[in-house]
Ligand code: NAD
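Numbering (my numbering), first residue to last: 2 to 246.
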């Protein structure tokens, strides 16, 4: 019997990552749900995924830390025995601040969490994709807007991620591995609370051409498309899921 394809999603205990785990499970993928701190919430997402008849496991790891990334992928080997798709989703947004007030520790935390993690996880995933595979990076519309006066560190981290997508797509194309990005904008998740403004999406939604904020499931659908065979001739590309922003 043919085994299910396997997807690893980083930072998948809530928000876009959690919705993506459920989306892949619904489409017959075995899912590895990485989380940093919220084990209870990760386990609930895994239970939901199992409801679709697939295997779902949770693995704790801070993906900004190289040693923990190595442990995460060793666990993927033990639990699943292979890897077909990696979703680099984990990310953080710190409270609004102009550059003149930003210290190196905040900037480094944002860059290592949002970009270094994607480099490290991609490197480990590629080693486990001898017959090809797919990587989707969760970037942001902020990579294009720059988020001046509030989240310039976050925006720059996503800009770097976009360049990683372009370069890595070319680097691993000969291995049959595709690398693409989604660029969400103003999605209803708890990230905005962490970023210092619980109601950010509500405040700004009327400015979007579609006149509303997005749901995590709408981002998950684009991630799934890019990862799937439906996008077999697409690599080094970007899909904006941002209501026209
Ligand atoms: P979220 O805060 O709900 O999810 C982020 C997840 O990443 C959390 O579960 C968090 O615990 C996890 N995480 C953070 N640091 C980690 C680490 N070091 N190791 C492992 N996990 C870690 O927010 P979200 O909106 O679901 O964000 C998912 C992705 O989407 C992020 O990369 C974010 O930048 C991106 N994004 C979100 C929006 C939006 O409007 N919500 C817009 C553009 C891009």
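The beta-carbon is built from N, C-alpha and C at its ideal position, and this holds for glycine as well.
Query, Result
"Nearest-angstrom beta carbon gap, residue 7 and residue 81 [assumed within contact, 8 angstroms]", "5 angstroms"
"Under the three-state DSSP convention, the category residue 240 falls into", "strand"
"Touch test, the segment 229–244 against the segment 178–196, Cβ-Cβ under 8 angstroms, three pairs minimum", "yes"
"Option nearest residue 216 by Cα separation, candidates 202, 229 and 207", "202"
"8 angstroms Cβ cutoff met for residue 121 and residue 138", "no"
"Selection from 228, 116 and 108 that minimises the alpha carbon distance to residue 98", "108"
"Any non-hydrogen atom of ligand 1 closer than 7 angstroms to residue 121 Cβ", "no"
"Residue 170 beta carbon near ligand 1 (any heavy atom closer than 7 angstroms)", "no"
"Uninterrupted beta strand (DSSP E) stretches inside the segment 58–92 (no shorter than 3 residues)", "86–89"
"Bridge partner(s) assigned by DSSP for residue 188", "215"
"Spatial distance of residue 62 from residue 49 (CA atoms)", "21 angstroms"
"Where the alpha helix (DSSP H) containing residue 150 begins and where it ends", "From DSSP, residue 150 is part of no alpha helix (DSSP H); its letter is neither H nor E."
"Buried/exposed call for residue 35, threshold 16 Cβ in 10 Å", "buried"
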